[in-house]
Amino acid sequence: MFPRQTFVARQVSRNFVKQRITTQCFRRFNSTKSNPTPPTGGFSKGKILLIVGALAVGSTIAASMLDKETPKSAFEPSETKQGPEFADGKVSVIFVLGGPGSGKGTQSDKLVKDKGFVHLSAGDLLRAEQKRPGSKYGELIAKYIREGEIVPQEVTVALLKQAIQENYASGNTKFLVDGFPRKMDQAITFEETIAKSAFTLFFECPEQVMLNRLLERGKTSGRTDDNIESIKKRFKTFIDTSMPVVDYFEKQGKVVKVRCDEPVDVVYGHVKEALKSRGI
120 MFPRQTFVAR
130 QVSRNFVKQR
140 ITTQCFRRFN
150 STKSNPTPPT
160 GGFSKGKILL
170 IVGALAVGST
180 IAASMLDKET
190 PKSAFEPSET
200 KQGPEFADGK
210 VSVIFVLGGP
220 GSGKGTQSDK
230 LVKDKGFVHL
240 SAGDLLRAEQ
250 KRPGSKYGEL
260 IAKYIREGEI
270 VPQEVTVALL
280 KQAIQENYAS
290 GNTKFLVDGF
300 PRKMDQAITF
310 EETIAKSAFT
320 LFFECPEQVM
330 LNRLLERGKT
340 SGRTDDNIES
350 IKKRFKTFID
360 TSMPVVDYFE
370 KQGKVVKVRC
380 DEPVDVVYGH
390 VKEALKSRGI
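Sequential numbering from 120 applies to the sequence shown in this note's numbering.
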């Protein structure tokens, strides 16, 4: 029985008792006025027990009716699972972070082939959602990407959660989450609701090298954010909001750094050594 329903049922019972007692008192008072001899009637012990029993039954019936007739509000909190959905080592998640153009996606693709990881790019998921017909987040995502800003974590975390659930259902348990988390709220929400990360693979790269890579990629990528104005905004956003995430995990001993201003294959050699140091 819900607390509100119990309260209503008890209130009905109290009002009923009060009304019976008040009525009985008036009867006794009027009887005394017309007859000096006090009446011997009233509530005997047996009658009181009978009334109390009847009221108890009535309360139960009233509460039962309230249970059936009062629908639960859609905004009432439902029972939710405590802790991350994929707890107890069900999945292995490695965050892959680095500035725009640091080569996160390229190196992640190599790890997919060699190590059997599922590569989930937060950026790719957002762009796919942006283009999906009927998406209620399409315009919002487009605006944030165009301005070089970070899409609200509710959207990004929800897309990642769905992708992990779908892959887990197919038997996949090892995930590289590329370009995420880019803000502290994303990091905390992901680890509280989805899974704890094993560690973060952080690609260190000079800004000028990243800029040259992005401008070259922009000639053929067709991406709206591969232009000089958006790139500069993205650099600033990364330094202001994503580096604190790297610092946060580094304090926990959960960051592996890799220099990535060398040729792709050389960098990949560093990546394999970094993973080996973590038993992968």
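Even glycine gets a Cβ: it sits at the ideal position worked out from N, Cα and C.
Output needed for residue i: all residues of its chain with C-beta closer than 7 Å, excluding positions within five of it in sequence on either side, in chain order.
i, result
"R336", "D345"
"V328", "D380"
"S68", "Residue 68 is absent from the structure shown; the chain starts at 120 and stops at 399."
Near residue i, which residues of its chain fall below 8 Å by C-beta distance, leaving aside the five closest residues on each side in sequence?
i, result
"M184", "Reliability of the predicted coordinates at M184 is poor, the pLDDT of 41 falling under 50, and the value obtained from them is presented with this limitation in mind. Hits under 8 Å: none found."
The beta strand (DSSP E) that contains residue i, what's its start and end?
i, result
"S240", "V237 to S240"
"E323", "F318 to E323"
Can you check DSSP and say which residues form a bridge with residue i?
i, result
"E335", "Paired residues: none, contrary to the question."
"V375", "L320"
"F294", "V212 and V237"
Assuming residue i is part of the alpha helix (DSSP H), what are its boundary residues?
i, result
"R265", "G257 to R265"
"R353", "I347 to T356"
"D344", "First-last for D344: undefined, no H or E at that position."
"D228", "K223 to K234"
"G217", "Here G217 belongs to no alpha helix (DSSP H); instead the beta strand (DSSP E) covers S211 to G217."
"D380", "Here D380 belongs to no alpha helix (DSSP H), and DSSP marks it neither H nor E."
Does the distance from the CB of residue i to the CB of residue j come in under 9 Å?
i, j, result
"P219", "E310", "no"
"L216", "L320", "yes"
"F294", "F368", "no"
"Q226", "C379", "yes"
"D228", "K391", "no"
"F214", "S316", "yes"
"V276", "I260", "no"
"A241", "G298", "yes"
Quick one: what's got a C-beta closer than 6 Å to residue i's C-beta in the same chain, skipping five residues either side?
i, result
"K352", "G267"
"P382", "none"
"A314", "P203, F205, V210 and V212"
Would you mind giving the Cβ-Cβ distance between residue i and residue j, rounded to the nearest angstrom? I have them listed as a contact below 8 Å.
i, j, result
"V296", "V212", "6 Å"
"R301", "V231", "Contact flag wrong, Cβ pair sits at about 21 Å."
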